[in-house]
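Peer 1: Have a look at this one before I ask anything.
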Amino acid sequence: MPKVSSVIVPYASYLRVYEPLAAFPEPERTHWGRYARRTDRPSYQDELRRSLADLLPTPPVPVPVHESGDAFVLDVEGVVCVCPWRTRLRGWQALGSLAEELPTPVLDAVLPPVVRRQAGQDYERWLAGNPDARPWIRTSTWHVPLNWFVLVSDEERTYEKGSAEASPVLRYRTPMVQARRRVARGLRALRESLDEGPLIDGLVDVGRWLEEFHPRSLVELDYGGLVHVLPAAELDGDHSAADVAEGIEALRGGDEEAATEAYGRLVERWRAVRDRRSAN
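If you read the sequence shown in UniProt numbering, its first letter stands for residue 1, the second for the next number, and so on.
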């Protein structure tokens, strides 16, 4: 397997929504229809490289000047579905969480305060004219949020080990109706057994996000760059969605011991992943 630099492949996971063309108003629907017929569409790696290239100038460009006109495209049972990149919107939103991810001296060195302040002002002006804007892609660095696994099942898991020509892939894809049903069922079980907290709040948040999309959409959970930090044996044995489902079913059945065991496996697995961040 070729060595992949973290400069090219950030250690991030992704939650994406692919919407059918019918969900988009004109003229955007026509744009995506034409785009889907192209044979030279950029890849996942192209999106990452373009985003990282903006950080090289001095001062860096934390948010693109113009919104991306690119998207990921899938054929879902004969229906063309697209997941717009919306790189500019996601860049603005990511800036808001950087203070929690990086120490202030490091953050100031990477993105000076004046640059962040200007980007924040630009976002406020843009948002005033686009109050209903939402991204089709959510990103998480160095882990997969546990609430994301509630949306999918182990039977929807795809793992490809990769080769000298292709990177490994670990992802789940599920119909939107299934994802919403699992969120509702999971919330009921959690609220009946646990106090309000980050786990419930996170699931409520992702559930509200899903409600903003067309019911015939497809939801994709992609390990993204995490496949390059985890050994093949760990990827092959990673069935986090099954552990989450087991824990929720145990809560519904009143088996707190089994729920605790499933949660413990998840915490141990993902703590080990995040510990690699400190080692680097």
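Using N, Cα and C, we set each Cβ at its ideal position, and we do this for glycine too. Every value quoted in this text rests on a predicted model; they were computed, and no experiment measured them.
1) Which stretch, first to last residue, makes up the alpha helix (DSSP H) that contains residue 98?
2) Scan the segment 193-232 and note each continuous alpha helix (DSSP H) run of 4 residues or more that stays entirely inside, going in chain order.
3) Under 8 Å: do the segment 139-159 and the segment 115-128 share three or more Cβ pairs, one atom per stretch?
4) Using only the alpha-carbon positions, how far apart do residue 242 and residue 85 sit?
5) Under DSSP, the beta strand (DSSP E) around residue 13 begins and ends at which residues?
6) Rank 166, 179, 138, 159 by C-alpha distance to the C-alpha of residue 153 and give the top, closest one.
7) What separation, rounded to the nearest whole angstrom, lies between the Cα atoms of residue 111 and residue 244?
8) By Cβ distance below 8 Å, which residues in the same chain neighbour residue 39 in space, the five residues on each side in sequence not counted?
9) For residue 216, which residues of its own chain have a beta-carbon under 6 Å away from its beta-carbon, when the five flanking residues on both sides are left out?
10) Going by DSSP, name the residue or residues bridged to residue 75.
11) Using only the alpha-carbon positions, how far apart do residue 261 and residue 159 sit?
12) Please tell me whether residue 11 and residue 222 are closer than 9 Å, where the distance is taken between their beta carbons.
13) Which ranges would you report for the beta strand (DSSP E) in the segment 148-193 if only whole runs of at least 3 residues count?
14) Shortest alpha-carbon distance to residue 120 belongs to which of 109, 88, 165?
15) Only counting the same chain, and skipping five residues up and downstream in sequence, which positions put a Cβ closer than 6 Å to that of residue 139?
16) Put residue 30 into one of helix, strand or coil per three-state DSSP.
17) Note down the Cα distance separating residue 183 from residue 207, rounded to an integer number of angstroms.
Peer 2: So, from the listed chains and residues:
1) 87-101
2) 198-210
3) no
4) 29 Å
5) 12-20
6) 179
7) 37 Å
8) none
9) 20
10) 80
11) 25 Å
12) no
13) 157-160, 169-175
14) 88
15) 12, 14
16) helix
17) 6 Å
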